Amino acid sequence: MDQVEIFKALSNKSRLQILEWLKDPEASFPEQKPNGYEHGVCVGQIQVKAGLTQSTISEYLSVLLRAGFVEATRMGQWTYYKRNEQAIKNFTEAIKTDL
1 MDQVEIFKAL SNKSRLQILE WLKDPEASFP EQKPNGYEHG VCVGQIQVKA
51 GLTQSTISEY LSVLLRAGFV EATRMGQWTY YKRNEQAIKN FTEAIKTDL
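Going by full-length UniProt numbering, the first residue of the sequence shown is number 1, and it counts up by one from there.
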């Protein structure tokens, strides 16, 4: 667990918002419902909800991916993201014991 990457990921309001949205994707991204959430949320849905450019969202998701907080699944031309709950749990446990 690279603490620098983790704290970098958490130091941005929009990245925190993305993690919050991915905690309950059905409620946060109801327009994706016909395609389901098995693989996560399509990056395009995240971009629309955030109201940011595609390049900014891609960078934010890359930071979250490097920190281990999200997992990415590529399906054709689309990439889907979902939270890595185990990594988030490990981080919270490390905060409790190490800091």
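Don't be surprised by glycine CBs; every beta carbon is placed ideally from N, CA and C.
Owing to the predicted nature of the structure, the values given are computational and were not obtained by experimental measurement.
Between A94 and E5, the CB-CB gap reaches or exceeds 8 angstroms. Taken atom to atom, the span from the alpha-carbon of K82 to that of L65 is near 10 angstroms. Straight-line measurement puts the Cα of W21 at about 16 angstroms from the Cα of V63. In chain order, F29, E31, Q32 place their CB closer than 8 angstroms to the CB of Q45, counting only its own chain and leaving out the 5 sequence neighbours on each side. The beta carbons of S14 and A50 sit closer together than 8 angstroms. Burial is judged here by how many other beta carbons sit within 10 angstroms of a residue's own beta carbon; G40 has at least 16 and is buried. One alpha carbon belongs to L52, the other to K89, and they sit about 28 angstroms apart.
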